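Colleague:
4 protein chains.
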Amino acid sequence: MTHENFPSVLKALHECMEACNHCYDACLQEEDVNAMVECIRLDRECADICAFLEQSITRNSPYMQEIAKVCITACEECADSCEAHHHDHCQKCAKACRKCADECRKLIA
Amino acid sequence: MTHENFPSVLKALHECMEACNHCYDACLQEEDVNAMVECIRLDRECADICAFLEQSITRNSPYMQEIAKVCITACEECADSCEAHHHDHCQKCAKACRKCADECRKLIA
Amino acid sequence: MTHENFPSVLKALHECMEACNHCYDACLQEEDVNAMVECIRLDRECADICAFLEQSITRNSPYMQEIAKVCITACEECADSCEAHHHDHCQKCAKACRKCADECRKLIA
Amino acid sequence: MTHENFPSVLKALHECMEACNHCYDACLQEEDVNAMVECIRLDRECADICAFLEQSITRNSPYMQEIAKVCITACEECADSCEAHHHDHCQKCAKACRKCADECRKLIA
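Sequence lines, in order, name chains E, S, L and G. For the first sequence, the working numbering gives the first residue as 3, with consecutive numbering after it. For the second sequence, the working numbering gives the first residue as 3, with consecutive numbering after it. For the third sequence, the working numbering gives the first residue as 3, with consecutive numbering after it. For the fourth sequence, the working numbering gives the first residue as 3, with consecutive numbering after it.
1) So, helix, strand or coil for E:His93, using DSSP?
2) Look at the alpha carbon of G:Met66 and the alpha carbon of E:Ala86, and state the distance between them as a whole number of angstroms.
3) Look at the alpha carbon of G:Asn23 and the alpha carbon of E:Leu30, and state the distance between them as a whole number of angstroms.
4) Can you name the start and end residues of the alpha helix (DSSP H) that S:Ser58 belongs to?
5) Taking 8 angstroms as the threshold, find out whether the segment 104-111 of chain L comes into contact with the segment 27-42 of chain G through three or more Cβ pairs.
6) Could you give the residue range of the alpha helix (DSSP H) that holds E:Ser83?
7) Alpha carbon to alpha carbon, how far is S:Ala49 from S:His91? Give it in angstroms, no decimals.
8) Assuming L:Ser10 is part of the alpha helix (DSSP H), what are its boundary residues?
9) Please state the DSSP three-state secondary structure of G:Thr4.
10) Hey, does G:Tyr65 have any beta-carbon neighbour from chain B nearer than 8 angstroms?
11) List the residues of chain L that E:Ala127 touches, going by C-beta distances under 7 angstroms, in chain order.
12) Is the beta carbon of G:Cys102 closer than 8 angstroms to that of G:Ala28?
13) Here's a check: name, in chain order, each residue in its chain whose Cβ is nearer than 8 angstroms to the Cβ of L:Leu12, leaving out the five neighbours to either side.
14) Can you name the residues of chain S whose CB is closer than 7 angstroms to the CB of L:Arg2?
15) Is there at least one Cβ from chain L nearer than 8 angstroms to G:Glu33's Cβ?
16) Got a sec? Which residues, its chain only, sit under 7 angstroms from G:Cys25 by beta carbon, not counting five neighbours each side?
17) Who are the Cβ neighbours of E:Ile51 in its own chain at under 7 angstroms, not counting the five residues just before and after it?
18) Listing by chain order, which chain E residues have their CB less than 9 angstroms from the CB of S:Ala14?
19) What's the gap between the Cα of L:Met3 and the Cα of S:Cys99?
20) Report the three-state DSSP secondary structure of S:Glu105 (helix, strand or coil).
21) With distances taken between CB atoms, is the gap from L:Ala53 to G:Ala53 smaller than 8 angstroms?
22) Given a cut-off of 8 angstroms on the beta-carbon distance, is the pair S:Glu79 and G:Ser63 in contact?
23) Roughly how many whole angstroms lie between the Cα atoms of S:His16 and S:His89?
24) Rounded to whole angstroms, what is the Cα-Cα separation between G:Glu20 and S:Glu33?
25) Helix, strand or coil for E:Ala98, going by three-state DSSP, please let me know.
26) Taking E:Glu105 as the query, report the chain S residues whose CB atoms sit under 7 angstroms from its CB, ordered along the chain.
27) Out of L:Lys97, L:Cys18, L:Asp82, L:Glu68, which one is the CA nearest neighbour of L:Ala111?
28) Applying a beta-carbon distance threshold of less than 9 angstroms, which residues of chain L neighbour G:Gln57?
29) G:Glu68 versus chain S: which residues are under 8 angstroms apart at the beta carbon?
30) Suppose you measure from the CA of S:Pro9 to the CA of S:Ala81; what does that come to, to the nearest Å?
31) To the nearest angstrom, report how far apart G:Cys18 and G:Arg43 are at their CA atoms.
32) Considering only residues of the same chain and omitting the five flanking positions on each side of E:Lys97, which have a CB-CB separation below 7 angstroms?
Below you can see the structure in the form of structure tokens.
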């Protein structure tokens, strides 16, 4: 079993990392940054664990499923935080996070 | 300027990271691992710098171009090493590395 | 609570990452690399998760304890693999891994 | 030549990563986060490249000197940004960044 068996989770992880980092960058440019603190923090957490899991899956790591569990938590909490904001980058990020959490759940099923 | 201006370099980086990690995993399963030592080493170097650059671009890092220069070196040297082996995973990896180096050159142009 | 409350786990993670990466580098220079394949693989796994956890703790991540659980597994399995080899770099790595696993257990206690 | 030849740069990188991530965490808890945006951004940049270079040196990467050049830029710019703020975490971070840049310069000398 190799990374080629996991195209949909790799795509979802990549898109989630991208959306989280874009949201992080955009939050730091908002007028009221104090209101975005939790988003900024969780965007970084989520981007970092998604990037880590991508690498783990593609190198056929024995720990990919354990790491996926942490990734699900980070994705869901980042989505919760982003959904509370009307900004386009937050809404897009929340969707990418939910999608990614769903794909990670398939990986550990 | 955001990561959305860079779809082709992000795609190339992601595919290169994936090909390098798959090649690393496959090299460690070859019959004669001694013959694959340089590939294993450069696959990891290349995967790690590609993953790092992906994150840098998507968070709009001021250092993305400096990091891209290191990535070009790593991609070209990994491709040189992989091209010398007939294994399918090495040939695919070499192609992904050359493509990625080309895209990184556009980023710093 | 900040990273300053965790000096001993940060020291252990740093030394474990260092020992694992040195062991990885040294394994790839051994005469019979085929015998070292599992060590090479687990050294990289362990170094990467240790480095990831170091960053998580120092940025006060809400996921540091979940990540520490994965780190304990990686440390113990890397130690098991390294202990089976007489090389000095493997023996040193195994000790650093056991120490790190112990410190991670304190973090989640 | 292995990582054991580089104890002072590894110590400086580790302390800089730690100081940057602590400063990032503390900046996000300041009363006026808008005033800290550049620090937050450069703290993450600097922590990430320091962590990356630590791993590169310890695995005896052929690219450690090229990566060190990027690290010097990130350290100096993060120090410039942090020095402008009176917060204790910013002042400590600036010192760790300058020290780290000095050690990286020795690595490429």
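Even for Gly, the Cβ is constructed at its ideal location relative to N, Cα and C. Only a predicted model underlies this, so the values are computations on that prediction, with no experimental measurement involved.
Modeller: This is what the structure holds:
1) Position 91 of the first sequence, counted from the first residue, corresponds to residue 93 of chain E. Per the sequence shown, residue 93 of chain E should be read as Gln rather than His. In the structure shown, E:Gln93 sits in a helix (DSSP, three-state: H, G or I).
2) As a working mapping, residue 66 of chain G is identified with position 64 in the fourth sequence. As a working mapping, residue 86 of chain E is identified with position 84 in the first sequence. Taking the straight line from one Cα to the other gives about 42 angstroms.
3) One-based indexing of the fourth sequence puts residue 23 of chain G at position 21. One-based indexing of the first sequence puts residue 30 of chain E at position 28. When rounded, the distance between both Cα atoms is 17 angstroms.
4) Counting from one through the second sequence, the residue named residue 58 of chain S turns up at place 56. From DSSP, the alpha helix (DSSP H) with S:Ser58 extends over 39-60.
5) no
6) Mapped onto the first sequence, residue 83 of chain E falls at position 81. First-last of the alpha helix (DSSP H) with E:Ser83: 66-85.
7) The residue labelled residue 91 of chain S in the question sits at position 89 within the second sequence. The residue labelled residue 49 of chain S in the question sits at position 47 within the second sequence. Those two C-alpha atoms are separated by around 14 angstroms.
8) In the third sequence, residue 10 of chain L corresponds to position 8, counting from 1. Residues 9-29.
9) For the purposes of this step, residue 4 of chain G is taken as residue 2 along the fourth sequence, with counting starting at 1. At G:Thr4, the pLDDT of 49 sits below 50, so the modelled position is not reliable; the number obtained from the coordinates is stated separately. Coil.
10) Given the protein chain composition of this structure (E, S, L and G), no chain B is represented.
11) The first residue shown for chain E is 3 and the last is 111, placing residue 127 of chain E beyond what the model contains.
12) Residue mapping note: residue 28 of chain G aligns to position 26 of the fourth sequence, counting from 1. Residue mapping note: residue 102 of chain G aligns to position 100 of the fourth sequence, counting from 1. Not closer than 8 angstroms, so no.
13) The sequence position of residue 12 of chain L within the third sequence is 10, counting from 1. Excluding sequence neighbours, L:Leu12 sits near His5, Glu56, Ile59, Thr60.
14) Limits of chain L in this structure are 3 at one end and 111 at the other, which puts residue 2 of chain L out of reach.
15) Here residue 33 of chain G refers to the residue found at position 31 of the fourth sequence. By this cut-off, G:Glu33 is not an interface position.
16) As a first step, residue 25 of chain G must be located in the fourth sequence, where it is residue number 23. Closer than 7 angstroms at Cβ, skipping near neighbours: Cys41, Asp45, Cys84, His91, Cys92, Cys95.
17) Walking along the first sequence from the start, residue 51 of chain E turns up at place 49. Here the set comprises Val72, Cys73, Ala76.
18) Position 12 of the second sequence, counting from 1, holds the residue named residue 14 of chain S. What S:Ala14 touches in chain E: nothing, since even the nearest Cβ is about 12 angstroms away.
19) Looking up residue 3 of chain L in the third sequence gives position 1. Looking up residue 99 of chain S in the second sequence gives position 97. Residue confidence is low: L:Met3 scores 42 on pLDDT, short of 50, so the model does not pin down where it sits. No coordinate-derived value is stated.
20) Counting from one through the second sequence, the residue named residue 105 of chain S turns up at place 103. If DSSP states are grouped into helix, strand and coil, S:Glu105 belongs with the helices.
21) Position 51 of the third sequence, counted from the start, is the residue given in the question as residue 53 of chain L. Position 51 of the fourth sequence, counted from the start, is the residue given in the question as residue 53 of chain G. Closer than 8 angstroms, so yes.
22) The sequence position of residue 79 of chain S within the second sequence is 77, counting from 1. The sequence position of residue 63 of chain G within the fourth sequence is 61, counting from 1. Contact: no.
23) Indexing the second sequence from 1 puts residue 16 of chain S at position 14. Indexing the second sequence from 1 puts residue 89 of chain S at position 87. Distance between the alpha carbons of S:His16 and S:His89: 21 angstroms.
24) Your numbering for residue 20 of chain G matches position 18 in the fourth sequence. Your numbering for residue 33 of chain S matches position 31 in the second sequence. One C-alpha to the other measures close to 42 angstroms.
25) Position 96 of the first sequence, counting from 1, holds the residue named residue 98 of chain E. Of the three classes helix, strand and coil, the one that applies to E:Ala98 here is helix, per DSSP.
26) As a working note, residue 105 of chain E is residue 103 in the first sequence. Correct list: empty, because the minimum Cβ distance to chain S is about 15 angstroms.
27) On the third sequence, residue 111 of chain L is found 109 positions in, with the first residue counted as 1. Residue L:Glu68 is the option with its Cα nearest to L:Ala111.
28) Numbered from 1 along the fourth sequence, position 55 holds the residue referred to as residue 57 of chain G. Within 9 angstroms Cβ-Cβ: Met19, Asn23, Ala49, Asp50, Ala53.
29) Residue 68 of chain G sits at position 66 when you count from the first residue of the fourth sequence. Within chain S, the residues near G:Glu68 are Lys71, Val72, Thr75.
30) On the second sequence, residue 9 of chain S is found 7 positions in, with the first residue counted as 1. On the second sequence, residue 81 of chain S is found 79 positions in, with the first residue counted as 1. Rounded to the nearest angstrom, the two C-alpha atoms are 22 angstroms apart.
31) One-based indexing of the fourth sequence puts residue 18 of chain G at position 16. One-based indexing of the fourth sequence puts residue 43 of chain G at position 41. Using only the alpha carbons, I get a separation of about 15 angstroms.
32) Position 95 of the first sequence holds residue 97 of chain E. Cβ neighbours of E:Lys97 beyond the five flanking positions: none.
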